[in-house]
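Asker: Quick note on numbering: the numbering used here labels position 174 of the sequence shown as 270, and the sequence is numbered without any gaps. Think of the CB as a built atom: it goes at the ideal place given N, C-alpha and C, for glycine as much as any other residue. Shown below is the structure under consideration.
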Amino acid sequence: SPDISVTNTKAHLDQLQAIATANGGNRYTGRSGYTASINYVKGKLDAAGFTTTVQSFSTSAGTTQNLIAELPGGDANNVVMLGGHLDSVSNGPGINDNGSGSAGVLEAALAYAASGQSAKNKLRVGFWGAEELGLLGSKYYMNSLSTAEKDKIRVYLNVDMIASPNPGYFVYDDNPAGNSARDEFTSYYTSKGIPWEYIDVQGRSDHAAFRSYGIPTAGIFSGAETLKTSAQAQKWGGTSGRAFDPCYHSSCDSVSNLDLTALDRNIDALGHMLWLYAAKDYGTTTPPA
Ligand code: PHE
Ligand code: ZN
Ligand code: CA
Ligand code: ZN
Ligand code: ZN
97 SPDISVTNTK AHLDQLQAIA TANGGNRYTG RSGYTASINY VKGKLDAAGF
147 TTTVQSFSTS AGTTQNLIAE LPGGDANNVV MLGGHLDSVS NGPGINDNGS
197 GSAGVLEAAL AYAASGQSAK NKLRVGFWGA EELGLLGSKY YMNSLSTAEK
247 DKIRVYLNVD MIASPNPGYF VYDDNPAGNS ARDEFTSYYT SKGIPWEYID
297 VQGRSDHAAF RSYGIPTAGI FSGAETLKTS AQAQKWGGTS GRAFDPCYHS
347 SCDSVSNLDL TALDRNIDAL GHMLWLYAAK DYGTTTPPA
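Following this line, the structure appears as structure tokens:
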């Protein structure tokens, strides 16, 4: 598996922090810090040769955007997708939630492009707007696709909070028939000696719109407002009786609110999944035209 650079990923997070700091302390929907976040991620992907599309939609907080990027090449009938939300809440910079997932998806995609290999499948990444207003960007995106386009998406991996300061290693328990992505994540963690737990997050992040349509989904998560139990502190370290992320949705969700070991382990898990699914043989499952 590839080693996704935690140094590069942290540099993206430092840039998202600087964007928030220069724009009133947040990267909220409809505000300048969100637009600047889109421009930062788009600039990196454009420079690496991705084809980027900005999709605008309106919300009660103003007009906002999704950013979709594809790597040239690969079979467009078999789309492998990674994504996470790029917006923050209004009262903080949103560096763990979800700068961490955004930076991880970005760096994994850049690393794949830099590796020079050609993906068998079409690699697509999504950066969703207005998640904090009710998963609006991912819902808008799915509604914007024709049935034929939706049916080409073979897997969607969601990345929302992966560097919580008192981390756990949670894998979404999603496992509809024919979906092995959850098990690929858990066997990856097991192979690295990282204890993991399943978590039921059905309605709480951007995989929901994909899952509702019937697309195989999976995701990883290092924890939010829930308190770490003593059993969890024994297996993962950290502090029992304390939230996985005590700064969840707060002004202190800054670059000081990150566990870089959790970040590194989780971006390497994303790298593993990206390399695996980019090369996966979907055989004769190509949908009819
Ligand atoms: N989607 C939630 C938020 O952005 C966080 C979350 C992620 C909760 C994954 C559960 C599982 O606030
Ligand atoms: Zn691997
Ligand atoms: Ca790494
Ligand atoms: Zn949030
Ligand atoms: Zn989130």
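Please report how far the alpha carbon of residue 374 lies from the alpha carbon of residue 175, in whole angstroms.
Answerer: Against the sequence shown, residue 374 aligns to sequence position 278. Against the sequence shown, residue 175 aligns to sequence position 79. Approximately 9 Å between the Cα atoms of the pair.
Asker: What are the boundary residues of the beta strand (DSSP E) that residue 154 is part of?
Answerer: Position 58 of the sequence shown, counting from 1, holds the residue named residue 154. 147–155 is the span of the beta strand (DSSP E), which, as asked, contains residue 154.
Asker: Quick check for students: name the residue ranges of the beta strand (DSSP E) that lie wholly in the stretch 311–349, counting only runs of 3 or more.
Answerer: Complete beta strand (DSSP E) runs here, min 3: 313–317.
Asker: Where do the ends of the beta strand (DSSP E) carrying residue 161 lie?
Answerer: Indexing the sequence shown from 1 puts residue 161 at position 65. First-last of the beta strand (DSSP E) with residue 161: 158–166.
Asker: Please report the straight-line C-alpha distance between residue 275 and residue 129, rounded to a whole angstrom.
Answerer: Mapped onto the sequence shown, residue 275 falls at position 179. Mapped onto the sequence shown, residue 129 falls at position 33. One C-alpha to the other measures close to 36 Å.
Asker: Quick check on the contact list: which residues have their beta carbon closer than 7 Å to a heavy atom of ligand 3?
Answerer: Chain-ordered list of matching residues: 99, 100, 101, 102, 360, 363, 364.
Asker: Taking buried to mean at least 16 other C-beta atoms within 10 Å of its own C-beta, is residue 296 buried or exposed?
Answerer: Looking up residue 296 in the sequence shown gives position 200. The residue is exposed, with fewer than 16 neighbouring Cβ atoms inside 10 Å.
Asker: Could you give the DSSP three-state label for residue 384: helix, strand or coil?
Answerer: Counted from its first residue, the sequence shown places residue 384 at position 288. Low local confidence applies: a pLDDT of 49 at residue 384 is under 50, so the model's placement there is unreliable, and no value is given.
Asker: Nearest CA to the CA of residue 361: which residue from 285, 277, 261, 242?
Answerer: Residue numbering aside, residue 361 sits at position 265 when the sequence shown is read from its first letter. With distances taken between Cα atoms, residue 361 lies closest to 285.
Asker: At a cut-off of 7 Å, is residue 192 close to ligand 7 when judged by its beta-carbon and the heavy atoms of the ligand?
Answerer: Ligand 7 is not among the ligands present in this structure, which contains only ligand 1, ligand 2, ligand 3, ligand 4 and ligand 5.
Asker: What's the C-alpha gap between residue 267 and residue 258?
Answerer: Counting from 1 along the sequence shown, the entry for residue 267 is found at position 171. Counting from 1 along the sequence shown, the entry for residue 258 is found at position 162. Each residue's Cα considered, the two are about 11 Å apart.
Asker: With burial defined as no fewer than 16 other Cβ atoms inside 10 Å of the residue's Cβ, what is the status of residue 107: buried or exposed?
Answerer: On the sequence shown, residue 107 is found 11 positions in, with the first residue counted as 1. With fewer than 16 Cβ atoms within 10 Å of its Cβ, residue 107 is classed as exposed.
Asker: Is residue 267 helix, strand or coil by DSSP?
Answerer: Indexing the sequence shown from 1 puts residue 267 at position 171. DSSP places residue 267 in strand when its eight states are reduced to three.
Asker: Got a sec: does ligand 5 put a non-hydrogen atom nearer than 7 Å to the Cβ of residue 227?
Answerer: Residue numbering aside, residue 227 sits at position 131 when the sequence shown is read from its first letter. Yes; taking the cut-off as 7 Å, the Cβ of residue 227 has a heavy atom of ligand 5 nearer than that.
Asker: Tell me whether residue 317, by its Cβ, gets closer than 7 Å to a heavy atom of ligand 1.
Answerer: In the sequence shown, the residue the question calls residue 317 occupies position 221. At least one heavy atom of ligand 1 is nearer than 7 Å to the Cβ of residue 317, so yes.
Asker: Check whether the stretch 329–345 and the stretch 300–307 touch, using three or more Cβ-Cβ pairs below 8 Å as the test.
Answerer: The stretch 329–345 vs the stretch 300–307: no contact.
Asker: By Cβ distance below 6 Å, which residues in the same chain neighbour residue 234 in space, the five residues on each side in sequence not counted?
Answerer: As a position in the sequence shown, residue 234 is number 138, starting the count at 1. Same-chain partners within the cutoff: 224, 302, 305.
Asker: Who are the Cβ neighbours of residue 307 in its own chain at under 7 Å, not counting the five residues just before and after it?
Answerer: For this step, residue 307 is matched to residue 211 along the sequence shown. These residues qualify, in order along the chain: 270, 313.
Asker: Nearest-angstrom Cα distance between residue 152 and residue 327?
Answerer: Within the sequence shown, the letter at position 56 stands for residue 152. Within the sequence shown, the letter at position 231 stands for residue 327. Their Cα atoms are separated by approximately 45 Å.
Asker: Can you tell which of 367, 324, 253, 193 has the C-alpha that lies nearest to the C-alpha of residue 122?
Answerer: Working through the sequence shown from its first residue, we reach residue 122 at position 26. Out of 367, 324, 253, 193, 193 has the C-alpha closest to the C-alpha of residue 122.
Asker: Since I believe residue 260 is in contact with residue 364 (beta carbons under 8 Å), could you give me their beta-carbon distance rounded to a whole number of angstroms?
Answerer: For this step, residue 364 is matched to residue 268 along the sequence shown. For this step, residue 260 is matched to residue 164 along the sequence shown. At roughly 17 Å, the Cβ-Cβ gap does not stay under 8 Å, so residue 364 and residue 260 are not in contact.
Asker: Run the CB neighbour count on residue 205, radius 10 Å, all protein chains shown included, and call it buried at 16 or more, exposed below.
Answerer: In the sequence shown, the residue the question calls residue 205 occupies position 109. Residue 205 comes out buried.
Asker: Tell me whether residue 267, by its Cβ, gets closer than 7 Å to a heavy atom of ligand 4.
Answerer: As a first step, residue 267 must be located in the sequence shown, where it is residue number 171. Incorrect: residue 267 has no Cβ contact closer than 7 Å to ligand 4.
Asker: Name the residue from 220, 347, 352, 145 whose alpha carbon lies nearest to the alpha carbon of residue 246.
Answerer: Here the question's residue 246 lines up with position 150 in the sequence shown. Out of 220, 347, 352, 145, 220 has the C-alpha closest to the C-alpha of residue 246.
Asker: Taking the alpha-carbon positions, what's the residue 164 to residue 256 distance?
Answerer: Numbered from its first residue, the sequence shown carries residue 164 at position 68. Numbered from its first residue, the sequence shown carries residue 256 at position 160. Those two C-alpha atoms are separated by around 17 Å.
Asker: When you measure from the CB of residue 255 to every non-hydrogen atom of ligand 4, does any distance come out below 7 Å?
Answerer: Numbered from its first residue, the sequence shown carries residue 255 at position 159. Outside the cutoff, so no.
Asker: Starting from residue 362 and walking both ways along the alpha helix (DSSP H), at which residues does that stretch end?
Answerer: As a working note, residue 362 is residue 266 in the sequence shown. Residues 356–374.
Asker: Does residue 349 pass the burial test, meaning 16 or more other C-beta atoms within 10 Å, or should it be called exposed?
Answerer: Within the sequence shown, numbered from 1, the residue matching residue 349 stands at position 253. Buried, because 16 or more other Cβ atoms sit within 10 Å of the Cβ of residue 349.
Asker: Just reading off the alpha helix (DSSP H) that residue 257 is part of, what are its end residues?
Answerer: Start at 1 with the first residue of the sequence shown, and residue 257 comes out as number 161. Residue 257 -> no alpha helix (DSSP H), and no H or E assigned at all.
Asker: I'd like the span of the alpha helix (DSSP H) that includes residue 277, first residue to last.
Answerer: Residue mapping note: residue 277 aligns to position 181 of the sequence shown, counting from 1. Unbroken alpha helix (DSSP H) run through residue 277: 277–287.
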